[in-house]
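Have a look at the structure below before the remarks.
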Amino acid sequence: MMNYVSKNLNPINIISRASSFVPRRNNPSDTLRSSTAIASLIQSFIDSSSPSQGQAIHSHILKSGIRSNTNVSIKLLILHLKCGSLFYARQVLDQMPNPTLSAFNFMIAGYFKGGYTDEILYLVRKLAISNEKPDSFTLSMVLKLSVALFLPDLAKQVHLFIIKLLCELDDVLLAALVDSYVKNGKLGYARSVFDAMPEKNVVCSTALIYGYMNQMSFGNAEEIFENIEEKDVVVFNAMIEGYSKTTKTALRSLEVYKDMQSLGFQPNISTFVSVIGACSLLSILEFGQQLHSQLIKMSIYLHVKSGSALIDMYAKCGRTEDARKIFDQMPEKNVFSWTSMIDGYGKNGNPHEALALFYEMKKYTNVKPNHATFLGALSACGHAGLVLEGQDIFNSMERDYSLKPRMEHYACVVYLLGRMGSLQEAYNFIKRIPEKPNSDVWAALLASSRLHGDVKLADIAANEVFKLSRDGRPGAYLALSNTLAAAGKWEDVCEVRELMRERGVSKHAGCSWVGRDKGLCDFHEAEKE
Numbered sequence: 055m056m057n058y059v060s061k062n063l064n065p066i067n068i069i070s071r072a073s074s075f076v077p078r079r080n081n082p083s084d085t086l087r088s089s090t091a092i093a094s095l096i097q098s099f100i101d102s103s104s105p106s107q108g109q110a111i112h113s114h115i116l117k118s119g120i121r122s123n124t125n126v127s128i129k130l131l132i133l134h135l136k137c138g139s140l141f142y143a144r145q146v147l148d149q150m151p152n153p154t155l156s157a158f159n160f161m162i163a164g165y166f167k168g169g170y171t172d173e174i175l176y177l178v179r180k181l182a183i184s185n186e187k188p189d190s191f192t193l194s195m196v197l198k199l200s201v202a203l204f205l206p207d208l209a210k211q212v213h214l215f216i217i218k219l220l221c222e223l224d225d226v227l228l229a230a231l232v233d234s235y236v237k238n239g240k241l242g243y244a245r246s247v248f249d250a251m252p253e254k255n256v257v258c259s260t261a262l263i264y265g266y267m268n269q270m271s272f273g274n275a276e277e278i279f280e281n282i283e284e285k286d287v288v289v290f291n292a293m294i295e296g297y298s299k300t301t302k303t304a305l306r307s308l309e310v311y312k313d314m315q316s317l318g319f320q321p322n323i324s325t326f327v328s329v330i331g332a333c334s335l336l337s338i339l340e341f342g343q344q345l346h347s348q349l350i351k352m353s354i355y356l357h358v359k360s361g362s363a364l365i366d367m368y369a370k371c372g373r374t375e376d377a378r379k380i381f382d383q384m385p386e387k388n389v390f391s392w393t394s395m396i397d398g399y400g401k402n403g404n405p406h407e408a409l410a411l412f413y414e415m416k417k418y419t420n421v422k423p424n425h426a427t428f429l430g431a432l433s434a435c436g437h438a439g440l441v442l443e444g445q446d447i448f449n450s451m452e453r454d455y456s457l458k459p460r461m462e463h464y465a466c467v468v469y470l471l472g473r474m475g476s477l478q479e480a481y482n483f484i485k486r487i488p489e490k491p492n493s494d495v496w497a498a499l500l501a502s503s504r505l506h507g508d509v510k511l512a513d514i515a516a517n518e519v520f521k522l523s524r525d526g527r528p529g530a531y532l533a534l535s536n537t538l539a540a541a542g543k544w545e546d547v548c549e550v551r552e553l554m555r556e557r558g559v560s561k562h563a564g565c566s567w568v569g570r571d572k573g574l575c576d577f578h579e580a581e582k583e
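Using this note's numbering, the first residue of the sequence shown is number 55, and each one after it goes up by one.
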């Protein structure tokens, strides 16, 4: 049959071949033979590299009046799904007198792949009232759906169904249940399922570790990790990634990376991305360069993920030239690659290079800038004092890319206008923000007002900051106090200082960061009484 398919892939030959399978009237044995032959023919197209050619068989079956049995219907459904024809696959399912569980499962999987969540829910409800009983595959797909739609209650319903109707749980379903609870933010439920497991597998353990790491519950993650007898690269990656997200734990990320290698595990791209991210946080350039060398030896340093991580690391360590070399050599760049390079230029005192790269990205690539990209470009405009350019970039967010500005983008524009002395324009801009401005926006106006000695606007901005964050921004009190002092308003200065004492607001100790071989070290100086 495979030879037939490879040599005769055209609709005319297919229909001609299918016609020979039409049974004689009132002859059950012929019907059985024809159904078996048609099912076999469809299967040959499913297995071929050109499955769409076989869709003509469905058309012929409908025109000739051949009655499809369950086997033929399921084969047609699979064929249409492989061709991406969800509409025709669903048509086959709906025309089946008694759809089987496998038919439901194939259709649900097809809808999940296509992102048709409403249709999945409909089919699950239809399956629930049919004579068929959902199996582990069905339930695992529903659990994945609960994650996609963030429906923790749906996960609970599946869990209850499992308890009521199923005696034995396979690893796939258990992993899906734990993963669903973790990603829906229900770590307590996930841990309950995990603790009830007679044998803890590495998949469930890894899912739980990711959950604990995302909530900064490092002790619980470490407990699960230490109890895993047969570890793999994925579970090491979960630990490394979790530690790499904060400056307090990033060094531990590097330690786990070293332990992983000493135990003979080969790091993959995900490992390197996390470890390089830890180097970025700690500004450990030397270790990052060692990772770079290792990636070169493995011939994956220009991969879009590892390359982007290296760009970010070099940029955050102040090595924009090294970052740009990698950037220029990468055959494929994503939005993170471009954003890291743009932001790196901006933060290292090269705003014009940042903007030139931003415009190059918009004009010559299909990569669309995201919120972080625009924030980098707006910050560059602020450093360069390019007011009109910054306003145009801000306006292009919604106009050209349908991106709704966030508060950090509004704060950038306020800073840009205020820094250049357009304080009243900055204030009017704040009043036009469609949502309630946060403390960052008002703090940007306060900083600009202090810079230009505008006591009135400084007072307005400071009071708004105090309303939104009474004791969370001591710098706002000091900025207002210093602005008043510069204007010679000493009575008002005393009032601000008294307000700070009443609210228990104290100036944080001064802090400087110095790079050493092991990363950043901080030095503090307490405020003198």
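All C-beta atoms in this analysis are idealised placements derived from N, C-alpha and C, irrespective of residue type, glycine included.
As the structure is a prediction and not an experimental result, all values here were calculated from the model.
| 6 Å Cβ shell around A465 - same chain, five flanking residues per side excluded | D494, V495, A498
| said: Please state the DSSP three-state secondary structure of V421. | reply: coil
| request: Quick one: which unbroken alpha helix (DSSP H) runs of 4-plus residues sit fully inside the region 235-274? Chain order, please. | output: 241-250, 256-268
| Same chain, Cβ closer than 8 Å to A438, five either side skipped, listed in chain order | P405, H406, L409
| field | Residue burial classification, Y355 (beta-carbon count within 10 angstroms, cutoff 16) | value | buried
| Is it the case that the Cβ atoms of A250 and L262 are separated by a distance below 8 Å? | no
| said: Quick check on A202: buried or exposed, where buried means 16 or more other Cβ atoms within 10 Å of its Cβ? | reply: exposed
| request: Given a cut-off of 8 Å, decide if I282 and V288 are closer than it, judged by their beta-carbon atoms. | output: No, the Cβ-Cβ distance between V288 and I282 is not below 8 Å.
| task | Within the same chain, show all residues whose beta-carbon is closer than 8 Å to that of H506, passing over the 5 residues directly before and after it, in chain order. | result | G472, G475, L477
| task | Inspect the beta-carbon positions of F99 and L133 and report whether they are closer than 8 Å. | result | Yes; because the gap between Cβ atoms is below 8 Å, this pair is in contact.
| query | Would you call the region 131-145 and the region 94-113 touching, i.e. three or more CB-CB distances under 8 Å? | reply | yes
| said: Just to confirm my understanding: we take Y165, look at its own chain, exclude 5 residues before and 5 after, and list those with CB closer than 6 Å. What are they? | reply: Hits under 6 Å: E173, I174.
| task | Hey, could you find the ends of the alpha helix (DSSP H) C333 is sitting in? | result | Element bounds for C333: 323-336.
| query | I think F448 touches H463, with their Cβ atoms under 8 Å apart; what is that distance to the nearest whole Å? | reply | With a beta-carbon spacing of about 6 Å, F448 and H463 fall inside the 8 Å limit used to define contacts.
| said: Residues in the same chain with beta-carbon distance under 6 Å from V389, minus the five sequence neighbours each way, listed in chain order, please. | reply: Answer for V389: V421, N424, listed in chain order.
| said: Can you confirm whether the region 303-316 touches the region 349-365 when touching is taken to mean that 3 or more C-beta pairs between the two stretches lie within less than 8 Å? | reply: The count of Cβ pairs closer than 8 Å, one atom from the region 349-365 and one from the region 303-316, stays below three, leaving the stretches out of contact.
| said: Taking a contact to mean a Cβ-Cβ separation below 8 Å, would you say V226 touches S200 in this structure? | reply: no
| In chain order, which continuous runs of the alpha helix (DSSP H) of length 4 or greater are located wholly inside the region 179-225? | For the region 179-225, whole alpha helix (DSSP H) runs of length 4 or above, ordered along the chain, are 190-202, 206-219.
| query | Considering only C-alpha positions, which residue in the set A332, S502, A516 is nearest to T301? | reply | A332
| said: Using only CA atoms, which one of G436, S394, S127 lies nearest to T427? | reply: S394
| task | Under 6 Å Cβ to Cβ from I35, same chain only, skipping five residues before and after it: list those, please. | result | Residue 35 falls outside the range modelled here, since the chain spans only 55 to 583, and no answer is possible.
| query | Taking the C-alpha atoms as reference points, what is the distance between G430 and Q343? | reply | 25 Å
| message | Can you tell me whether R453 is buried or exposed? The criterion is at least 16 other CB atoms within 10 Å of its CB, across all chains shown. | response | exposed
| Contact under 8 Å by Cβ, L500 with V467 | no
| message | Let's see if you can read the secondary structure: which residues bound the alpha helix (DSSP H) around H357? | response | First-last for H357: undefined, no H or E at that position.
| task | Please say whether I365 and Y381 have beta carbons closer to each other than 8 Å? | result | The residue asked about is misnamed: residue 381 is Phe in this sequence, not Tyr. It is a contact, given that the beta carbons lie within the stated cut-off.
| Are the Cβ atoms of D286 and V329 separated by less than 8 Å? | no
| request: Take the Cβ of S118 as the centre, count every other Cβ of all protein chains shown within 10 Å, and call the residue buried at 16 or more, exposed below. | output: With fewer than 16 other Cβ atoms within 10 Å, it is exposed.
| field | Three-state secondary structure assigned by DSSP to S476 | value | coil
| request: Can you have a look at P151 and say buried or exposed, based on whether 16 or more other CB atoms are within 10 angstroms of its CB? | output: It is exposed - the Cβ of P151 has fewer than 16 other Cβ atoms within 10 Å.
| So what's N386 in DSSP terms, helix, strand or just coil? | As written in the sequence, residue 386 is Glu, which differs from the Asn given in the question. E386 falls in the coil class under three-state DSSP.
| Cβ-Cβ separation, L197 to S234 (assumed contact under 8 Å), whole Å | 4 Å
| Hey, how far is the Cα of R306 from the Cα of E276? | Cα to Cα, the separation comes out at about 11 Å.
| message | Is it buried or exposed, M270, if we count other Cβ atoms within 10 angstroms and call 16 or more buried? | response | It counts as exposed.
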